[in-house]
Amino acid sequence: MSFFRGFKYAFSGIIHCIKNERNMRIHTVAATYVLIFARFFALTREDYILLLLTIGGVIAAETVNTAIEDLCDKVSPAYHTLIKHAKDAAAGAVLILAVFAVIIGIILFWNFDGLCALYNFYVTHPINLCAIIALTVLSVIYIVFSPSKIKKFFLGIFSKKHTEENSYDKQQ
């Protein structure tokens with residue numbers, strides 16, 4: 141196997157998790173917001189390293205959890221106590237990392253000056269507030285609906301409109 145093919149397979153696995161796991165989409169959205177808001181706080185280089193390791197740990201754990209769940213479902217589609225324990229333990233590992241990520245976030249971001257800077261940036265600049273509201277709406281859509289469902293929705297809209305235009309042209 142070539143070096144670059146390994147990257148292709150790895151990215152394919154990440155994309156599979158994003159498409160099929162709502163929790164992975166929640167983690168990616170949370171990571172995006174954390175990285176956007178981090179610039180308002182006086183974080184040191186070490187703080188950013190901790191932040192990135194925490195984000196990477198949670199996302200990697202969710203990826204491993206998905207791999208374990210998929211493998212368990214393939215090996216034993218029927219209910220089995222050991223399969224349940226394996227899946228629960230993998231989910232528990234993600235939960236432990238996510239809880240500690242929240243604690244680390246609170247420690248890093250519980251700063252009055254940073255919170256004021258964040259507030260002022262969005263409240264005193266209406267365009268910034270509109271941008272974060274739009275990002276929030278898009279984030280909710282991304283989390284609730286998988287990217288493949290969103291793609292099907294938009295393809296359906298555009299193909300329907302295109303079909304209607306063609307049928308109208310044919311009638312005349």
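All letters in the sequence shown, in the order written, are residues 141 to 312 by the numbering used here. Cβ atoms here follow ideal geometry from the backbone N, Cα and C, with glycine treated the same way.
C-beta contact flag for residue i and residue j at 8 angstroms
{"i": "Ser-279", "j": "Asn-160", "result": "no"}
{"i": "Ile-158", "j": "Arg-165", "result": "yes"}
{"i": "Val-234", "j": "Glu-202", "result": "yes"}
{"i": "Ala-241", "j": "Thr-194", "result": "yes"}
{"i": "Thr-168", "j": "Ile-199", "result": "yes"}
{"i": "Ala-231", "j": "Val-204", "result": "no"}
{"i": "Gly-197", "j": "Leu-237", "result": "yes"}
{"i": "Ile-247", "j": "Tyr-262", "result": "no"}
{"i": "Ile-283", "j": "Arg-162", "result": "yes"}
{"i": "Leu-191", "j": "Val-215", "result": "no"}
{"i": "Ile-281", "j": "Ile-290", "result": "yes"}
Cβ distance (whole Å) where residue i is taken to contact residue j below 8 angstroms
{"i": "Phe-180", "j": "Gly-245", "result": "Going by Cβ atoms, the distance from Phe-180 to Gly-245 rounds to 13 angstroms, so no, they are not a contact pair."}
Alpha helix (DSSP H) segment containing residue i, residue limits
{"i": "Asn-260", "result": "252–263"}
{"i": "Gly-219", "result": "Before going on, a small fix: residue 219 reads as Tyr here, not Gly. Here Tyr-219 belongs to no alpha helix (DSSP H), and DSSP marks it neither H nor E."}
{"i": "Arg-145", "result": "143–160"}
{"i": "Leu-278", "result": "266–284"}
Proximity test, residue i beta-carbon vs the ligand NAD heavy atom, cut-off 7 angstroms
{"i": "Leu-191", "result": "The ligand NAD is not part of this structure, which contains no ligands at all."}
Answer yes if the stretch 142–158 comes into contact with the stretch 219–226, meaning at least three C-beta pairs across the two stretches below 8 angstroms, and no otherwise. no
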